[in-house]
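**Q**
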Amino acid sequence: MPALLYSKRKIRKNMVVTENDINEDNNNTSEVKRFKILIIDDSEKNRGELTEMLEREFDVINASDAKQGIEMINKYGEDIALLLLEVKICRMSGFEVLTYMKHSGLTENIPVIMISDEKSESFIRRAYDLGAVDYIGRPFDFQTVYTRVLNTIKLYAKQRRLEKLVARNMVEKEKNNRMLIGVLEQVIEYRNGEVEFMYPTLKF
Numbered sequence: 008m009p010a011l012l013y014s015k016r017k018i019r020k021n022m023v024v025t026e027n028d029i030n031e032d033n034n035n036t037s038e039v040k041r042f043k044i045l046i047i048d049d050s051e052k053n054r055g056e057l058t059e060m061l062e063r064e065f066d067v068i069n070a071s072d073a074k075q076g077i078e079m080i081n082k083y084g085e086d087i088a089l090l091l092l093e094v095k096i097c098r099m100s101g102f103e104v105l106t107y108m109k110h111s112g113l114t115e116n117i118p119v120i121m122i123s124d125e126k127s128e129s130f131i132r133r134a135y136d137l138g139a140v141d142y143i144g145r146p147f148d149f150q151t152v153y154t155r156v157l158n159t160i161k162l163y164a165k166q167r168r169l170e171k172l173v174a175r176n177m178v179e180k181e182k183n184n185r186m187l188i189g190v191l192e193q194v195i196e197y198r199n200g201e202v203e204f205m206y207p208t209l210k211f
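Structural data, given as structure tokens:
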């Protein structure tokens with residue numbers, strides 16, 4: 008595959024994209040977790056080309072049809088950093104897979120890049136309407152695919168990190184509010200005790 012070999016030379020050697028590349032403040036993490044990419048395509052040749060290009064930097068898993076793909080989506084969930092989805096696959100189309108993901112709320116956390124040799128505006132518009140973040144037509148440049156994959160994964164990883172930070176801050180704020188309420192209750196009880204001691208006949 009000359010085009011594939013040529014494009015792979017352009018990619019930095021031994022580069023491994025991990026969550027530590029996204030979480031700059033997570034340098035003390037001993038376990039390095041590589042991002043997982045799911046490819047759903049009924050063409051063994053297409054899956055092989057994409058896998059060969061991406062497996063050096065990512066954990067790549069494959070599904071040869073829509074049914075198997077949906078099973079893997081349900082199995083791995085948000086552990087899937089990106090889905091590369093072929094539009095024309097047997098039994099169930101890529102659009103049907105995307106529709107299932109949208110109705111299940113999965114496209115909110117799993118970015119989907121559609122891949123197809125069909126470049127009509129109606130196909131592309133439908134893909135975006137169903138929640139795809141990008142649409143790449145064949146024949147494609149492998150370096151372009153790699154760059155789009157990497158940029159999408161980084162964007163969603165930072166978004167997830169931000170959501171976790173916001174959630175953590177909200178929990179911390181709630182904890183501080185409960186502590187403050189507890190202190191105020193103790194102050195009120197103490198003040199009431201003082202009043203009762205000084206004015207034992209006073210009715211509240």
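Each number in our numbering comes from the position in the sequence shown (counting from 1) with 7 added on.
Quick reminder that beta carbons are idealized off the backbone N, C-alpha and C, glycines included.
(1) From what residue to what residue does the alpha helix (DSSP H) around residue 70 run?
(2) What beta strand (DSSP E) runs, 3 residues minimum, are completely inside the stretch 54 to 133?
(3) Let me know the secondary structure DSSP gives residue 45 once reduced to three states.
(4) Just to confirm, is the Cβ distance from residue 78 to residue 88 under 9 Å?
(5) Alpha carbon to alpha carbon, how far is residue 120 from residue 176?
(6) Using 9 Å as the threshold, is the C-beta distance between residue 122 and residue 91 below it?
(7) What residue from 154, 117, 138, 45 has the CA that sits closest to residue 167's CA?
(8) Report the residue from 43, 58, 93 whose alpha carbon sits nearest the alpha carbon of residue 139.
(9) Between which two residues does the beta strand (DSSP E) holding residue 148 run?
(10) Out of 44, 185, 103, 84, which one is the CA nearest neighbour of residue 113?
(11) Is it the case that the Cβ atoms of residue 143 and residue 151 are separated by a distance below 9 Å?
(12) Determine the direct distance from the alpha carbon of residue 111 to that of residue 187, and round the result to whole angstroms.
(13) Going by Cα to Cα distance, which pick from 124, 76, 127 is closest to residue 105?
(14) Quick check on residue 135: buried or exposed, where buried means 16 or more other Cβ atoms within 10 Å of its Cβ?
(15) Can you check whether the C-beta of residue 166 is within less than 9 Å of a C-beta belonging to chain D?
(16) Based on Cα-Cα distance, which residue from 67, 178, 60 lies nearest to residue 149?
(17) Using only the alpha-carbon positions, how far apart do residue 164 and residue 86 sit?
(18) Whole angstroms are fine: how far does the CA of residue 178 sit from the CA of residue 172?
(19) What does the Cβ neighbour count give for residue 141, buried or exposed, with the cut at 16 atoms within 10 Å?
**A** According to the data block:
(1) Counting along the chain, residue 70 falls outside any alpha helix (DSSP H), though it belongs to the beta strand (DSSP E) covering 66 to 70.
(2) 66 to 70, 87 to 93, 119 to 123
(3) strand
(4) Going by beta carbons, residue 78 and residue 88 fall outside the 9 Å limit.
(5) 32 Å
(6) yes
(7) Its Cα nearest to that of residue 167, the residue 117 stands out among 154, 117, 138, 45.
(8) Cα-wise, what sits closest to residue 139 is 93.
(9) Premise fails: residue 148 is in no beta strand (DSSP E) and is neither H nor E.
(10) Per the C-alpha coordinates, the member of 44, 185, 103, 84 positioned closest to residue 113 is 84.
(11) yes
(12) 40 Å
(13) 76
(14) Classification for residue 135: exposed.
(15) Although the question refers to chain D, the structure presented lacks it and comprises just one protein chain.
(16) 60
(17) 11 Å
(18) 10 Å
(19) buried
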